[in-house]
Amino acid sequence: MASRTIIPFGPQHPVLPEPIHLDLVIEDEKVIEAVPSFGFVHRGLELLVGKKDFHQMVYIAERICGICSMIHGMGICYGIEHIMKIDVPERAKYLRVIWSEMSRIHSHLLWLGLAADAAGYESLFMHCWRIREKLLEIIEATTGGRVIFGVCKVGGTRRDIANSDIHGILITLKDIEKDYQNISKVFRDDYTINHRFSNVGFLSKKDAFELGAVGPTLRASGVSVDMRKTGYSAYRHLEFEALTENSEDCYGRCMVRVREIFQSFNLIYQAAEKLPNGPVDIKVTGNPEGEYFTRLEQPRGEVVYYIKGNGTQNLERFRARTPTFANIGPLVRMLSGCDLADVPVIVLSIDPCISCAER
Amino acid sequence: MSFLKKSPWIIHYDGSSCNGCDIEVLACLTPMYDVERFGIINIGNPKHADVLIITGAVNSQNASVIKTIYHQMGDPKVVLAVGICAASGNFFRDCYNIKGGVDTVIPVDIYVPGCAARPEAIIDGVVAVLKLLEEKTKK
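If you read the sequences in order, they're chains A and B. Heads up: the first sequence begins at 0 in numbering that gives the first Met the number 0, then just goes up one per residue. Heads up: the second sequence begins at 0 in numbering that gives the first Met the number 0, then just goes up one per residue.
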């Protein structure tokens with residue numbers, strides 16, 4: 000038996016901008032076991048509920064993570080609105096869908112860029128981020144922020160998109176989609192990417208289900224679960240299917256994201272077409288009392304919020320179970336038995352967002 | 000050392016940032032802003048770097064990592080704190096696990112404001128670094 004070596008991976012490493020630490024136990028070139036350790040980004044923001052009121056908590060929830068900020072903000076608003084039995088105007092629901100799908104596209108494009116970089120395709124990385132910038136321009140024009148949107152509030156949205164602007168936005172989005180179409184072909188057909196991602200990071204359907212994987216990681220293993228199908232916000236009025244792949248490897252996870260971008264474009268078109276007229280927010284009075292369990296679909300998978308109010312300005316408890324945290328278990332399973340050289344690609348394939356996972 | 004003057008190489012470390020500033024630092028390197036045309040390159044090796052960019056506040060776990068990276072860098076070096084969290088801790092300073100801004104651990108030369116800091120602001124900060132590097136080189 001060859002002797003075992005432990006290679007530390009991170010926290011400062013070239014794969015991601017974010018710190019994650021893994022102890023890789025290797026035998027020859029094979030990884031036998033991966034032991035993750037956490038805490039580099041831990042802030043403990045859930046306990047801020049005691050110091051900030053529930054309107055301020057929306058601001059804080061958006062800063063759980065800068066990439067998925069829109070849906071974090073939406074999640075806490077959605078929970079508080081349910082507790083307080085606030086009927087959010089229909090227009091606000093549709094606007095929230097439009098912005099969350101934009102955030103999904105920008106998150107997936109960001110990931111595709113990083114994946115291309117991991118496969119050694121520097122110019123493809125640049126192309127993905129070039130397209131992403133065009134989308135960020137629309138986001139900035141409509142919300143005022145590039146990465147942290149800050150548009151959700153309890154009772155609706157802070158901003159409105161004028162009906163006259165929607166037409167122009169759709170034209171730009173169609174341009175972006177056309178541009179993206181060319182790039183998606185590379186991910187789909189290129190020999191090197193195929194070779195680098197196929198049969199790497201295998202996660203069987205049974206494992207994915209039992210270890211509680213979520214989002215694209217779960218759907219790439221052939222399990223059709225998408226929280227948007229539960230019909231929160233305006234999703235119940237839109238037509239779409241949960242996209243799955245059956246290859247159960249990194250290539251499948253890449254393909255799910257490639258296809259989800261087209262799906263998100265389509266959802267935005269549908270929502271823009273059905274966008275009703277009317278106000279975007281209603282006045283909120285009183286304090287939340289009761290508890291609620293929110294489940295939404297982030298770009299990375301299912302996110303769960305537990306919110307408990309006690310009738311005062313401050314919530315009693317706020318808890319977020321983020322998708323990356325759920326995907327760490329499956330990640331450790333994928334890493335055991337892989338080649339050392341494949342570790343960066345596999346870590347990347349779950350689209351890790353450490354600041355989400357550690358909060 | 001004149002070749003060092005105008006092409007600062009940066010190393011980026013994510014303190015306990017929410018990712019917002021991190022992706023904006025990365026966005027600086029991509030076609031829209033493309034700072035690489037000025038010779039600014041993002042590298043992973045502290046020994047090669049002139050500028051340390053830190054996003055996010057300092058917590059008890061990453062304080063030692065930041066110190067290690069800082070001490071591994073060769074002189075002259077400049078520290079750039081990007082975003083409000085790196086400057087003061089933002090609202091996170093009320094959290095039990097946060098010590099405060101980056102300047103609680105290592106000396107910071109330049110602060111870039113914003114939540115999240117815009118790429119233009121970050122580039123502005125790096126330009127200010129050029130002058131500072133020049134002064135530090137003379138010493």
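Ideal placement from N, C-alpha and C gives every residue a C-beta, glycine not left out.
Close to chain A, meaning a Cβ-Cβ distance shorter than 9 Å, are the following residues of the region 7 to 20 of chain B: Ile10, His11, Tyr12, Asp13, Gly14, Ser15, Ser16, Cys17, Asn18, Gly19, Cys20.
Closest by C-alpha distance to Pro278 of chain A, out of A:Gly155, A:Arg131, A:Arg129, is A:Gly155. Below the 9 Å Cβ cutoff, chain A contributes no neighbours of Cys27 of chain B, its closest Cβ being approximately 11 Å away.
Per DSSP, the unbroken beta strand (DSSP E) holding Pro7 of chain A starts and ends at 3 to 8.
Here Leu334 of chain A is near Ala33 of chain A, since their CB atoms are less than 7 Å apart. DSSP places Gln60 of chain B outside both helix and strand once states are collapsed to three, so it counts as coil. The C-beta of Asn18 of chain B has 16 or more other C-beta atoms within 10 Å across all chains shown, which makes the residue buried. In chain order, Asp13, Gly14, Ser15, Asn58, Gln60, Asn61, Val64 make up the part of chain B whose C-beta sits under 9 Å from the C-beta of Phe39 of chain A. For Glu132 of chain A, the closest Cβ of chain B is nearer than 7 Å. Val213 of chain A sits close to Gly300 of chain A, with the two beta carbons spaced by under 7 Å. The region 186 to 198 of chain A makes no contact with the region 309 to 326 of chain A; the number of CB pairs closer than 8 Å stays below 3. By the criterion of at least three beta-carbon pairs nearer than 8 Å, the region 107 to 126 of chain B is in contact with the region 72 to 80 of chain B. Taking the Cα of Arg3 of chain A as reference, the smallest distance to any Cα among A:Glu17, A:Leu21, A:Glu28 is reached at A:Glu28.
The region 86 to 103 of chain A makes contact with the region 230 to 237 of chain A, as at least three CB pairs between them are under 8 Å. Between the alpha carbons of Ile10 of chain B and Glu290 of chain A lies a gap of roughly 44 Å.
If only complete runs of 3 or more residues are kept, the region 249 to 316 of chain A shows the beta strand (DSSP E) at 288 to 297, 300 to 309, in order along the chain. The DSSP assignment places complete beta strand (DSSP E) segments of no fewer than 3 residues inside the region 8 to 82 of chain B at 8 to 13, 50 to 54, 77 to 81, in order along the chain. The straight-line gap separating the alpha-carbon atoms of Lys273 of chain A and Asp178 of chain A is approximately 25 Å.
In this structure, A:Val57 is the residue among A:Ile267, A:Leu21, A:Trp110, A:Val57 with its C-alpha nearest to the C-alpha of Val153 of chain A. Scanning its chain for C-beta atoms nearer than 6 Å, with the 5 sequence neighbours on each side dropped, one finds around Ile40 of chain B the residues Trp8, in chain order. By the C-beta density criterion, Asn162 of chain A is exposed, having fewer than 16 other C-beta atoms within 10 angstroms. For Pro35 of chain A, the uninterrupted beta strand (DSSP E) run begins and ends at 29 to 36, by DSSP.
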